[in-house]
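One structure is given here, and the rest of the page talks about it.
Protein chains: 2
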Amino acid sequence: MLVNHKDLNFLLYDVFNASELTELPHYQDHDQTTFDEVIKTANRIAEEYFAPHNSKADEHEPQFDGLSVSTIPEVKEAYKHYANAGLLNARQRYDEGGMQLPALVHAAYSGLFASANPSTAGYTFLTSAAANVIHAFGTEEQKSQFLPGMWDGRFAGTMALTEPDVGSSLGDLATKATKQSDGTYKLKGQKMFISGGDQDITENIVHLVLARAEGAPQGVKGISLFITPKYLMDENGELGERNDVQLAGLLHKMGYRGTTSTVLNFGEQDNCTGYLIGEEGKGLSYMFKMMNEARIGVGLGAAMIGYRGYLESLEYAKNRPQGRHPSSKANDSKPINIIEHADVKRMLLAQKSYVEGSLALCLFASRLVDEQEAANNEDSATLLDLLTPIVKSFPSYYGLKANDLAIQVLGGSGYIREYPVEQCYRDNRLNPIHEGTHGIQSLDLLGRKLWMKGGKGLQLLLTRVNKTLKRCQTHEVLKPLVESYSKKLTLFSQTTMQLGQNLQTGKVNETLANSALYLDMMGKMVVAWLWLEMAEKALSLAGEGSKKERAEGSNEDKHFLAGKLQACKYFIEWELGEVHSQSKLLTELNSTCADMEEAWF
Amino acid sequence: MLVNHKDLNFLLYDVFNASELTELPHYQDHDQTTFDEVIKTANRIAEEYFAPHNSKADEHEPQFDGLSVSTIPEVKEAYKHYANAGLLNARQRYDEGGMQLPALVHAAYSGLFASANPSTAGYTFLTSAAANVIHAFGTEEQKSQFLPGMWDGRFAGTMALTEPDVGSSLGDLATKATKQSDGTYKLKGQKMFISGGDQDITENIVHLVLARAEGAPQGVKGISLFITPKYLMDENGELGERNDVQLAGLLHKMGYRGTTSTVLNFGEQDNCTGYLIGEEGKGLSYMFKMMNEARIGVGLGAAMIGYRGYLESLEYAKNRPQGRHPSSKANDSKPINIIEHADVKRMLLAQKSYVEGSLALCLFASRLVDEQEAANNEDSATLLDLLTPIVKSFPSYYGLKANDLAIQVLGGSGYIREYPVEQCYRDNRLNPIHEGTHGIQSLDLLGRKLWMKGGKGLQLLLTRVNKTLKRCQTHEVLKPLVESYSKKLTLFSQTTMQLGQNLQTGKVNETLANSALYLDMMGKMVVAWLWLEMAEKALSLAGEGSKKERAEGSNEDKHFLAGKLQACKYFIEWELGEVHSQSKLLTELNSTCADMEEAWF
């Protein structure tokens, strides 16, 4: 199973009210049936064409013989089915061949592919994201040259940012672009860690390359963005000459092995043609359109790899007899299934709280994308901006933690490749790194996002949180959780305010030194809020039972509600305890780490 | 570098006073020079014969063609050098060909091999441990048949406990042993996850197999231990007939790939000969001799894999320029090395505190082994018993956490096999599983070890802790740390007492439900104590400077001291904060996890 579909439906329709989106003009032709239909199709393709070769692609990673790259044939087949179902451009307008699908529904179906096979899904996600940038900022000519191929699956896309010497610090990048008399540019430089940078899946690969135009200023303001295809397009819109983009070599990752990770040389023969997107010097702002999407995508992928491991370990725990309760050690008694051991329950409940909480977070972010794009809701845009570092980081950290627990539930079996959870763990380890490490996200959050528009984002968040808390108060069972959460919320708010004051009074380095701690603390507060939201919604639905003929309430519904309540309880009682010590370290501007000197290590 | 040798020497000679051991009759022929000599030799062999193929053995894991297993030739070569240097039986008496080396020094040099190449080192550790069991409990005939080959490297040893249906719950194991008229037994059954269960490194493999003699009672009391060699020994002490032990297949691990993990069939042809060790029904107690050693060994291995990753990431951080301080974003400034970033310092300092703390813990445990064995100190034995679950678990959890941080320091490079840290991470993930999972260790600690001999172990621990605290009080710089630690110590003691009372009043399942939380809490308290011990020792040495001509104190010494102080500070300020929330959950007998029902997931 790729996800608990009952949970996914609950999140989509009950918690985030996907049906409400169909009231917006842009989505008016949709209803729950069309959404369900897309998700059903996606689920079928993910199960039939993605999941079966997940392990095989890991075992047989792409090979480079010095001339070309070969991947196992199942990857190409899967990519084709994904494209043919219209999933590469499902979010585009009808008149452009798309399905005009909300980001929320797009996220839901994308998650199924990330669960089934994150490596193969990686090619599809990169292509959609790159196409979106060209669609948003490219000229009509650029769009007509590249988008049809990217949308129908003949082409793939990449984002080429990192260089051997330049990773997180993009302002330093050195790839050069020299303007030609015909308006095109010649690119020269090396890029590294480019996912999907070469492959044998598609006819063409459209690289979006960050480079510095000749004479451009240093730093981020000198960076431009260039469409740089593997094959140039001829006048008839057919594949033309080979462009001077060469694969220097493949990198060999611990996980996500099915997706090539490449070192690419641009312009080794001084003949690499690139087409400027938009204006010179604005490359990074265009790329951030893609990057912000990619960051939500990374969070979603991490959540779903975590989710997959959770379901696998749950299945194992239900069927593996071993040991007895501490109080009944009789030798002749039958062993119980390990799901009955309290510590195994803990490991499963922790996973549930991390992965369902992470998925909720990512779907919430996608809902905000819809509100921003289709309803022009500026508040939603502001809130999304604030939350993006958390949407990227929380699932990356806690999804991986979930996979670690999944291995532990399986014990020795969890550690061997004969079972699927070790691959989840290896795959998921990438997510706290790419598209901006934890450290980078934490600086973005505490150094920038919190204070934009006078702190509007945080106000909007707290307003939503308080609304949820108020609704929770109507349920007796939630009151102790609300009380506990509220205390921590006060602490969190005070901490944030104090850090803001520190920054205003110039204590920049001191305050930002512990930003990673803040990122984790705020992430937990946000996800705990979403857990209260889920618990409240589940309780309300159960209360509406009689109306909606949930009267006799299927056992399944009752169990679902009980599970949501217990996971909410777990997350607040077990995971939020740390907020106190984190707040203390943050407010006292603890300098133990920052004071450490190189020579002392 | 396999370890920071300055740190290792500090731990050996200053903190754990290895030289004092030479006052014991058993070790009287030793002095610091002989200890140093062994460590130097071990370090050379580890660097020359183990480290170079660590990555290669991972990439080219052992193959089974249906007839025999093949490993890369470097493994056999390394094993030979290890044996030839007398390291397999270094702890045995001189008159038995050994070096009569203390456990403390043995642990120090073993750690070097675990750092260099945990997989190849695995074969040597298993052999020494199996030989120790035969040495301790075997008959003279058994000893003379098997020990010479095991000690000189012609044979290897294994421990064969787990079966496909029986992992943690050893009492249920089903392998049968039928007594023959000649006093030998015929074994029949299948064992799984047997490390080193087959290989082409040694002429013979001596399996120590747990099995149930015919007619034996159910449960742990019916378990006996059998020497079951791959090849029987003939009357001349030469290799004789092939025994009926067959390799059913290899398991494919995520890490530790160089060590075979096997499924073995014993007695498929009804002709597997085993020799009973000691008495029937006492097998588990003999095995626990090996197991307790193995548990310290697992802790040590985890500590050293963590240590290795720390040193690799430290080296990288010192040499990788990237980014600038938050306060100085000038585009034309030169990038700083990432070790200057506060968050990178945090990741390095956390690693340092985990791995140096873990190593101290394992060396302390080994020191206790010496006091127990060579000085017959019963208190040391009691304390060791109490601490074994922690010695096994703390490094397994925090060593892995260190490796996770090492990857994060390297960023994208950390995730690829072109750099060594991802292998550390994969290797180390085994350690929280084998030789008793975290869950098992935590039940052993909270359900049993704490209350043995009327809680004597804990008293002994607290006495030692309080002595350290008293000495710390003489150093102004340590006072705030002692104060902070003492508060948590009180909390920890109160929590422990209350849990003890709960158990006495029959709340067994409720109390043990959260044992994993207790294991982590107590582990942190113990390691924080060792950090105070290290900090105090480093300060005292610096104070003795003038006497010992450390007067002008080399910069190196000053930096070493500063590093120890800072890591101690970090561990207490940053890692112990959680003790409060953990204590709360434990004392309130929080039942959120235990109450979770299968149907609710």
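Protein chains in written order, with my numbering: chain H, 1 to 601; chain U, 1 to 601. The beta carbon of each residue, even a glycine, is placed where N, CA and C say it ideally should be.
Q: Tell me, please, whether the CB atom of Ala103/U is closer than 8 Å to any CB atom in chain H?
A: By 1-based counting over the second sequence, the position of residue 103/U is 103. Not one chain H Cβ lies under 8 Å of Ala103/U.
(Q) I'd like to confirm the pairing. Which residues does DSSP put opposite Ser195/U in its beta bridges? (A) As a working note, residue 195/U is residue 195 in the second sequence. Beta-bridge pairing links Ser195/U to Ser261/U.
Q | Ala535/H to Gln473/H span [Cα, whole Å] | A | In the first sequence, the residue the question calls residue 535/H occupies position 535. In the first sequence, the residue the question calls residue 473/H occupies position 473. Going from the Cα of Ala535/H to the Cα of Gln473/H covers about 12 Å.
Q | Proximity test, Cβ basis, 8 Å: Gln504/H and chain U | A | By 1-based counting over the first sequence, the position of residue 504/H is 504. It does not: the Cβ of Gln504/H has no partner Cβ on chain U nearer than 8 Å.
**Q.** Outcome for Gln180/U when other beta-carbon atoms lying within 10 angstroms are tallied against a minimum of 16
**A.** Taking the first residue of the second sequence as position 1, residue 180/U is located at position 180. Classification of Gln180/U: exposed, given that the 10 Å Cβ count is below 16.
Q: Establish whether the CB of Lys251/H and some CB of chain U are separated by less than 8 Å.
A: On the first sequence, residue 251/H is found 251 positions in, with the first residue counted as 1. In the sequence under discussion, the amino acid at residue 251/H is Leu, which differs from the Lys named in the question. It does; some Cβ of chain U falls within 8 Å.
Q. Which residue's Cα is closest to the Cα of Lys221/H: Leu250/H, Asp200/H, Leu264/H, Ser169/H?
A. Here residue 221/H refers to the residue found at position 221 of the first sequence. Of the listed residues, the one whose Cα sits closest to Lys221/H is Ser169/H.
**Q.** Among Ser396/U, Asn265/U, Ala108/U, Leu443/U, nearest to Asp343/H - alpha-carbon criterion
**A.** Working through the first sequence from its first residue, we reach residue 343/H at position 343. If we check each option's Cα against that of Asp343/H, Leu443/U comes out closest.
Q: Would you mind sorting Ser366/U into buried or exposed? The rule is 16 or more other CB atoms within 10 Å of its CB.
A: Start at 1 with the first residue of the second sequence, and residue 366/U comes out as number 366. So Ser366/U counts as buried.
Q.
Under 8 Å: do the stretch 193 to 212 of chain H and the stretch 272 to 285 of chain H share three or more Cβ pairs, one atom per stretch?
A. yes
Q. Would a check of beta-carbon distances place Ile339/U closer than 8 Å to chain H?
A. Sequence index remark: in the second sequence, residue 339/U carries index 339 (1-based). Output row for Ile339/U: interface = yes.
Q: Select from Asn403/H, Pro62/H, Tyr13/H the residue whose C-alpha is nearest the C-alpha of Tyr419/H.
A: Taking the first sequence and counting its residues from 1, the one referred to as residue 419/H is at position 419. The shortest Cα separation from Tyr419/H among Asn403/H, Pro62/H, Tyr13/H belongs to Asn403/H.
Q: Sort Gln459/H, Ser486/H, Lys456/H by Cα distance to Lys470/H and report the nearest one.
A: Within the first sequence, numbered from 1, the residue matching residue 470/H stands at position 470. When only C-alpha atoms are compared, the closest one is Ser486/H.
Q.
My assumption, with CB atoms under 8 Å, is that Thr162/U sits in contact with Leu187/U. Please give the rounded CB distance.
A. For the purposes of this step, residue 162/U is taken as the residue at position 162 of the second sequence. For the purposes of this step, residue 187/U is taken as the residue at position 187 of the second sequence. Actually they do not touch by this definition, with Cβ atoms about 15 Å apart.
**Q.** For Glu340/H, the three-state DSSP class (helix, strand or coil)
**A.** Taking the first residue of the first sequence as 1, we reach residue 340/H at position 340. In this structure, Glu340/H counts as helix in the three-state DSSP scheme.
Q. Which residue or residues does DSSP assign as beta-bridge partners of Glu163/H?
A. Taking the first residue of the first sequence as position 1, residue 163/H is located at position 163. Answer is Val166/H.
Q. Can a CB atom of chain H be found closer than 8 Å to the CB of Lys352/U?
A. The residue you call residue 352/U lines up with position 352 of the second sequence. Chain H, which has a Cβ nearer than 8 Å to the Cβ of Lys352/U, makes this yes.
Q) Where Leu250/U and Thr592/H are concerned, what is the direct C-alpha to C-alpha distance, given to the nearest angstrom? A) What you label residue 250/U is simply residue 250 of the second sequence in a count that begins at 1. What you label residue 592/H is simply residue 592 of the first sequence in a count that begins at 1. Distance between the alpha carbons of Leu250/U and Thr592/H: 47 Å.
Q) From Glu235/U to Asp182/U, what does the alpha carbon distance come to, in whole angstroms? A) One-based indexing of the second sequence puts residue 235/U at position 235. One-based indexing of the second sequence puts residue 182/U at position 182. Their backbone Cα atoms lie some 15 Å apart in a straight line.
(Q) I'd like to know whether the C-beta atoms of Ile39/U and His53/U end up nearer to each other than 8 Å. (A) The count along the second sequence starts at 1 and reaches residue 39/U at position 39. The count along the second sequence starts at 1 and reaches residue 53/U at position 53. Result no, Cβ atoms of Ile39/U and His53/U do not sit closer than 8 Å.
(Q) 8 Å is my cut-off, CB to CB: does Gly323/U come that close to chain H? (A) Within the second sequence, the letter at position 323 stands for residue 323/U. Yes, Gly323/U counts as interfacial toward chain H.
**Q.** Buried versus exposed call for Gly66/H [16 or more other C-beta atoms within 10 Å across all chains shown]
**A.** Translated into positions along the first sequence, residue 66/H becomes position 66. So Gly66/H counts as exposed.
Q | Collapsed DSSP secondary structure at Phe35/U in the structure displayed | A | For the purposes of this step, residue 35/U is taken as residue 35 along the second sequence, with counting starting at 1. Looking at Phe35/U - three-state DSSP - the assignment turns out to be helix.
Q. Under a CB-based cut-off of 8 Å, is Lys208/U close to chain H?
A. Within the second sequence, residue 208/U is the residue found at index 208, counting from 1. Going by the sequence as given, residue 208/U is Leu instead of Lys. No, no contact with chain H.
Q) With a CB to CB cut of under 7 Å and the five nearest residues on each side skipped, what residues in its chain are close to Ala46/H? A) Your numbering for residue 46/H matches position 46 in the first sequence. Closer than 7 Å at the Cβ level, and outside the excluded window around Ala46/H, lie Leu2, Leu112, Phe113, Ala116.
Q. Which partner residues does Leu210/U have in the DSSP bridge list?
A. What you label residue 210/U is simply residue 210 of the second sequence in a count that begins at 1. Answer is Leu225/U.
Q | Proximal chain H residues relative to His434/U, where beta-carbon distance stays under 8 Å | A | Walking along the second sequence from the start, residue 434/U turns up at place 434. Result: Gly412.
Q: Measure the CB-CB distance between Arg257/H and Asn204/H and report whether it falls below 8 Å.
A: As a working note, residue 257/H is residue 257 in the first sequence. As a working note, residue 204/H is residue 204 in the first sequence. No, the Cβ-Cβ distance between Arg257/H and Asn204/H is not below 8 Å.
Q. Can you tell me where the beta strand (DSSP E) with Gln408/H in it begins and where it stops?
A. On the first sequence, position 408 is the one that residue 408/H refers to. Where Gln408/H is concerned, there is no enclosing beta strand (DSSP E), although the alpha helix (DSSP H) it sits in stretches over 378 to 410.
Q.
Need the endpoints of the alpha helix (DSSP H) that Cys424/H sits in, please.
A. Numbered from 1 along the first sequence, position 424 holds the residue referred to as residue 424/H. Counting along the chain, the alpha helix (DSSP H) containing Cys424/H begins and ends at 421 to 428.
Q | Same chain only: Cβ atoms within 8 Å of Lys345/H, ignoring 5 sequence neighbours per side | A | Here residue 345/H refers to the residue found at position 345 of the first sequence. Cβ neighbours of Lys345/H beyond the five flanking positions: Ile339.
Q) If Ser581/U sits next to Leu491/U, beta carbons under 8 Å apart, how far is it from one beta carbon to the other, in whole angstroms? A) Within the second sequence, numbered from 1, the residue matching residue 581/U stands at position 581. Within the second sequence, numbered from 1, the residue matching residue 491/U stands at position 491. Not quite, the Cβ-Cβ distance comes to about 11 Å (not below 8 Å), so this is no contact.
Q: Compare the C-beta of Asp611/U against all C-beta atoms of chain H and say whether one is closer than 8 Å.
A: In this structure chain U extends from 1 to 601, so residue 611/U is not present and cannot be described.
Q: Would you mind reading off the limits of the alpha helix (DSSP H) that contains Arg242/H?
A: Here residue 242/H refers to the residue found at position 242 when the first sequence is read from its first residue. Counting along the chain, Arg242/H falls outside any alpha helix (DSSP H), though it belongs to the beta strand (DSSP E) covering 239 to 242.
(Q) When you compare the CB of Glu483/U with every CB in chain H, is at least one pair closer than 8 Å? (A) The residue given as residue 483/U occupies position 483 in the second sequence. Chain H, which has no Cβ nearer than 8 Å to the Cβ of Glu483/U, makes this no.
Q: Measure the Cβ-Cβ separation of Gly197/H and Lys176/H and say whether it is below 8 Å.
A: Here residue 197/H corresponds to residue number 197 of the first sequence, with the count starting at 1. Here residue 176/H corresponds to residue number 176 of the first sequence, with the count starting at 1. Not closer than 8 Å, so no.
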